[in-house]
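For what it's worth, my numbering labels the leading residue of the sequence shown as 554, then goes sequentially.
Note that CB positions come from ideal geometry on N, CA and C, so glycine has one too.
All values derive from a computational prediction rather than experimental measurement.
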Amino acid sequence: CVVLVINMATAERVGVYPTFELMTEAQLVRDAPREAADKFSLPQVVQAALQKNFDYQAQQKERDFAQADLNVARSAFLPKLDANGAVSWIDPDVANSFANAERTLSWGLQVEQLLFSPLALGALRAQRAIIDSAEATVRQSELDTIQSAALAFLNVLRAQTSEQVNRQNLRSVRRNLELAELRVQVGSAGRQEVYRWTAEVANNKASVIQANATRNQAELELNRAMNRPLEASFTLDVPEEAANVVIDPRIRPYVDDPWSFRVFRNFLAAEAIERSPEVAQLNAAIEAQEQVLTARRMQLFLPSAVATAGFTNTLNRSGAGSDDPDPMTGFPPRDNFTWQLGLGLAFNVFEWANYAEIDRTDATLMQLTNKRDSVAQRVEQNVRAALHQLGASRAAMKLRAD
554 CVVLVINMAT AERVGVYPTF ELMTEAQLVR DAPREAADKF SLPQVVQAAL
604 QKNFDYQAQQ KERDFAQADL NVARSAFLPK LDANGAVSWI DPDVANSFAN
654 AERTLSWGLQ VEQLLFSPLA LGALRAQRAI IDSAEATVRQ SELDTIQSAA
704 LAFLNVLRAQ TSEQVNRQNL RSVRRNLELA ELRVQVGSAG RQEVYRWTAE
754 VANNKASVIQ ANATRNQAEL ELNRAMNRPL EASFTLDVPE EAANVVIDPR
804 IRPYVDDPWS FRVFRNFLAA EAIERSPEVA QLNAAIEAQE QVLTARRMQL
854 FLPSAVATAG FTNTLNRSGA GSDDPDPMTG FPPRDNFTWQ LGLGLAFNVF
904 EWANYAEIDR TDATLMQLTN KRDSVAQRVE QNVRAALHQL GASRAAMKLR
954 AD
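Structural data, given as structure tokens:
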């Protein structure tokens, strides 16, 4: 059996590049990019994805946005300080000592403090719940990134194995073709046997080329997950026992018999629902809507309270009317510095939109509750289905090893 050997370093040096069809049956030596490739284990792939993946980094900003919205909601209960200044010049014919002088220059400060507001309080409490939702969103993105990187790692392994198997099949078919040609030469077979194996060789070459393309696509996805150059080469560090990649040794005793497996499924399904980021997001959204609904109902019978304080300082009066009133009239002299304190209450006696908003918020709350129950059911279903698949894969791997 003649084996074609191609020195890839020499081919690149002289500028001669073999075709994909020619390389399907050739033995490649000194494939420089592969020899210099980085090597990654599964934990290293996951760690690199968590540190560099663009999707995960973008999702982490959701937490910052939620914190900024919380600061905005909290600012409603912080003091508001306004500064004002005024310059006026009026007709001297209307200026007088009892009102405005002809020319006036003044400035002042005004402080306002919200003491109580049902809607503002409800918005603040709702935003705190949204912070929890944002945390759950980041956690979900973290788990998605881990899953995506791990699946990309396993897909590369699967694609590499498939390519190797297809190359071995091609070599076996090629040997059968050579045997058929010998049988034809000695007269123990007809030419149709050679034609049949020739067709098999062509089909297997196509399978090898397709397997090579599939491996390249899987490597692109793994590089994207780790935010590396998409066509950068690498090799994977595969554990001696392939089952270690997907099955933790601590759980193996629970997947080998149906009774233990049932207990394990029930336990893991309950844990998945309790720890699910999707369920946590909806729980936080439900809590936020409950706070909004409570605030809108409180607004129907509780007022908003605001305290104000301020002063005005007149720096200069000139022109007509700038003198103080005549004391003989009984009017006191004008004070250049004045201050004021105030407390205001606002009752929303009736507004139809309030009742419409209550109905809409209540409907949204019911919708989120139903969605939360549906998501919890789907999480449980996915966990149980994945565990059944895990049990089957575990058994299949043991049988293939045998």
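Exercise. Report the rounded CA-to-CA distance for residue 855 versus residue 668, giving the unit in angstroms.
Key: Each residue's Cα considered, the two are about 12 angstroms apart.
Quiz item: Which partner residues of residue 612 appear in the DSSP bridge assignment?
Solution: In the DSSP assignment, residue 612 forms no beta bridge with any residue.
Quiz prompt | Beta-carbon proximity of residue 701 to residue 767, cut-off 8 angstroms | solution = Going by C-beta atoms, residue 701 is not nearer than 8 angstroms to residue 767.
Quiz item: What number of angstroms, rounded off, separates the C-alpha of residue 834 from the C-alpha of residue 914?
Solution: One alpha carbon belongs to residue 834, the other to residue 914, and they sit about 18 angstroms apart.
Self-check item: Where the beta strand (DSSP E) containing residue 787 begins and where it ends
Solution: Segment 787-789, the beta strand (DSSP E) holding residue 787.
Practice problem: Evaluate residue 648 with the Cβ neighbour count: other Cβ atoms within 10 Å of its Cβ, from every protein chain shown; 16 or more gives buried, anything less gives exposed. | Solution: By the neighbour-count rule (16 or more Cβ atoms within 10 Å), residue 648 is buried.
Quiz item: Expressed to the nearest angstrom, what Euclidean distance is found between the alpha-carbon atoms of residue 659 and residue 629?
Solution: Distance between the alpha carbons of residue 659 and residue 629: 29 angstroms.
Quiz prompt | CB contact flag (residue 731, residue 822, <8 angstroms) | solution = Going by C-beta atoms, residue 731 is not nearer than 8 angstroms to residue 822.
Practice problem: Out of 710, 749 and 699, state which residue places its alpha-carbon closest to the alpha-carbon of residue 603. | Solution: When each option's Cα is compared against that of residue 603, the closest is 699.
Quiz item: So, residue 900 versus residue 866, is the Cβ gap smaller than 8 angstroms?
Solution: Contact: no.
Exercise. Reducing DSSP to helix, strand and coil, say where residue 556 ends up.
Key: Reduced to three states, the DSSP call for residue 556 is coil.
Practice problem: Whole angstroms is fine: what's the gap from residue 942's alpha carbon to residue 778's? | Solution: Residue 942 and residue 778: Cα-Cα distance of roughly 25 angstroms.
Quiz item: Roughly how many angstroms separate the alpha carbons of residue 764 and residue 729, rounded to a whole number?
Solution: Using only the alpha carbons, I get a separation of about 22 angstroms.
Exercise. List the DSSP bridge partners of residue 633.
Key: DSSP output for residue 633 lists 665 as bridge partner(s).
Quiz item: Does DSSP put residue 918 in a helix, in a strand, or in coil?
Solution: The answer is helix: DSSP assigns residue 918 an H, G or I state.
Quiz prompt | Endpoints, the alpha helix (DSSP H) within which residue 706 is located | solution = Here the alpha helix (DSSP H) through residue 706 covers 671-738.
Quiz item: Short check: CB of residue 621 to CB of residue 677, under 8 angstroms?
Solution: With respect to the 8 angstroms criterion, residue 621 and residue 677 are not classified as neighbours on the basis of their beta carbons.
Self-check item: Which residues DSSP lists as bridging residue 858, in chain order
Solution: Per the DSSP secondary-structure output, residue 858 pairs in a beta bridge with 669 and 898.
Quiz item: Who pairs with residue 823 in a beta bridge, going by DSSP?
Solution: Note: residue 823 is not bridge-paired with any residue in the DSSP secondary-structure output.
Quiz item: Taking three-plus beta-carbon pairs below 8 angstroms as touching, is the stretch 824-843 in contact with the stretch 918-931?
Solution: Segment contact: the stretch 824-843 against the stretch 918-931, three or more CB-CB distances shorter than 8 angstroms; contact assigned.
Quiz item: By Cβ distance below 6 angstroms, which residues in the same chain neighbour residue 743 in space, the five residues on each side in sequence not counted?
Solution: Excluding sequence positions up to five before and after residue 743, its CB lies less than 6 angstroms from no other CB in the same chain.
Quiz item: What does a CB cutoff of less than 7 angstroms around residue 960 pick up in its chain, not counting 5 residues either side in sequence?
Solution: Lying before the first or after the last residue shown, residue 960 is absent from the chain, which here runs from 554 to 955.
Self-check item: Simplified DSSP assignment, three categories, for residue 869
Solution: In the displayed model, residue 869 falls within a strand according to three-state DSSP.
Quiz item: residue 582 to residue 564, Cα distance in whole Å?
Solution: Approximately 11 angstroms, taken between the alpha carbons.
Quiz item: What first and last residue would you give for the beta strand (DSSP E) that runs through residue 581?
Solution: Where residue 581 is concerned, the enclosing beta strand (DSSP E) stretches over 580-582.
Self-check item: Separation of residue 693 from residue 611, as counted between CA atoms
Solution: Going by the C-alpha atoms only, they are around 13 angstroms apart.
Quiz prompt | Spatial neighbours of residue 723 in its chain, beta-carbon cut-off 8 angstroms, leaving aside the 5 residues before and after | solution = In chain order, 577, 578, 754, 757, 758, 760 and 761 place their CB closer than 8 angstroms to the CB of residue 723, counting only its own chain and leaving out the 5 sequence neighbours on each side.
Self-check item: Start and end residues, beta strand (DSSP E) containing residue 593
Solution: It spans 591-593 - the beta strand (DSSP E) in which residue 593 sits, taken as one unbroken run.
Practice problem: Could you spell out where the alpha helix (DSSP H) holding residue 536 opens and where it closes? | Solution: Nothing about residue 536 can be read from this structure; the chain reaches only from 554 to 955.
Quiz item: Residues in its own chain within less than 6 angstroms of residue 817 by CB, not counting five upstream and five downstream?
Solution: Correct list, in chain order: 807.
Quiz item: What did DSSP end up calling residue 783 once you bin it into helix, strand or coil?
Solution: For residue 783, the three-state secondary structure derived from DSSP is coil.
Quiz item: Cα separation between residue 796 and residue 950?
Solution: Because the pLDDT of residue 796 is 49, which lies under 50, any placement of that residue in the model is unreliable, and the number read from its coordinates should be weighed accordingly. If I take the Cα positions, the gap works out to 7 angstroms.
Self-check item: Boundaries of the alpha helix (DSSP H) in which residue 889 is found, first to last residue
Solution: For residue 889, there is no enclosing alpha helix (DSSP H), since its DSSP letter is neither H nor E.
Quiz item: Skipping 5 residues on each side, what residues in its chain have a beta carbon closer than 7 angstroms to that of residue 783?
Solution: Correct list, in chain order: 773, 776 and 777.
Quiz item: Of all the options 893, 681 and 670, which has the alpha carbon lying nearest to the alpha carbon of residue 662?
Solution: Of 893, 681 and 670, the residue nearest in Cα terms is 893.
Quiz item: Distance, Cα to Cα, residue 567 vs residue 560?
Solution: One C-alpha to the other measures close to 11 angstroms.
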